[in-house]
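Numbering (UniProt numbering), first residue to last: 1 to 175.
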């Protein structure tokens with residue numbers, strides 16, 4: 001079985017991929033995994049560190065072939081607003097709930113959640129069911145090309161995050 005030990009970011013010029021693997025957004029954070037390609041071949045992904053792959057990233061197979069990572073269609077809500085300011089307000093509400101969101105110029109995509117849908121509609125948003133690839137924005141701690149670079153919490157210790165939005169995220173028991 002062929003192995004993959006490196007990758008290239010989407011848009012890197014080079015040879016055409018010889019195959020592809022289609023993965024949902026929550027399946028694209030990988031370090032070591034057996035991947036089933038569209039042509040029924042298998043490759044072993046074996047990286048030194050976990051990587052959050054984006055649509056279009058290229059896996060470099062040990063024989064020189066390239067395999068494209070494709071984002072799978074997922075069941076999403078498409079959120080549109082009355083105007084740009086309203087869209088920003090809706091994005092704030094979603095971020096305040098720590099939801100994965102793909103934020104675009106005129107819409108936001110999130111995974112379907114009917115409680116969140118009711119909240120958004122209550123805030124005046126238009127919410128529509130769609131099925132398409134999902135590429136949520138990476139959080140501040142994943143801004144380095146998808147690599148994890150040392151923001152680690154040892155959940156055996158007390159710590160606090162002040163996000164400046166009226167509540168905290170203490171990760172210790174309240175006895």
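Each residue gets a CB set at the ideal place from its N, CA and C atoms; glycine is no exception.
Rounded Cβ spacing between residue i and residue j (contact assumed at less than 8 Å)
{"i": "residue 7", "j": "residue 60", "result": "6 Å"}
{"i": "residue 18", "j": "residue 57", "result": "At roughly 15 Å, the Cβ-Cβ gap does not stay under 8 Å, so residue 18 and residue 57 are not in contact."}
{"i": "residue 131", "j": "residue 76", "result": "7 Å"}
When the options are compared against residue i, the one with the closest alpha-carbon
{"i": "residue 3", "options": "78, 48, 124", "result": "48"}
{"i": "residue 88", "options": "75, 102, 58", "result": "102"}
{"i": "residue 111", "options": "104, 96, 133", "result": "133"}
{"i": "residue 120", "options": "139, 130, 91", "result": "91"}
{"i": "residue 43", "options": "5, 75, 80, 129", "result": "5"}
{"i": "residue 39", "options": "22, 30, 32", "result": "22"}
{"i": "residue 98", "options": "105, 137, 46", "result": "137"}
{"i": "residue 105", "options": "1, 53, 86", "result": "86"}
Straight-line gap, residue i to residue j (C-alpha atoms, nearest Å)
{"i": "residue 78", "j": "residue 94", "result": "13 Å"}
{"i": "residue 84", "j": "residue 124", "result": "13 Å"}
{"i": "residue 14", "j": "residue 37", "result": "20 Å"}
{"i": "residue 139", "j": "residue 73", "result": "22 Å"}
{"i": "residue 46", "j": "residue 63", "result": "15 Å"}
{"i": "residue 113", "j": "residue 54", "result": "23 Å"}
{"i": "residue 129", "j": "residue 117", "result": "10 Å"}
{"i": "residue 41", "j": "residue 1", "result": "9 Å"}
{"i": "residue 31", "j": "residue 96", "result": "29 Å"}
Assigned exposure category for residue i - 16 Cβ within 10 Å defines buried
{"i": "residue 25", "result": "buried"}
{"i": "residue 108", "result": "buried"}
{"i": "residue 127", "result": "buried"}
{"i": "residue 68", "result": "buried"}
{"i": "residue 28", "result": "buried"}
{"i": "residue 34", "result": "exposed"}
{"i": "residue 71", "result": "buried"}
{"i": "residue 51", "result": "buried"}
{"i": "residue 81", "result": "buried"}
Quiz prompt | Minimum length 4: unbroken alpha helix (DSSP H) runs contained in the region 50-121 | solution = Entirely contained in the region 50-121, the alpha helix (DSSP H) runs reaching 4 residues are, in chain order, 84-96.
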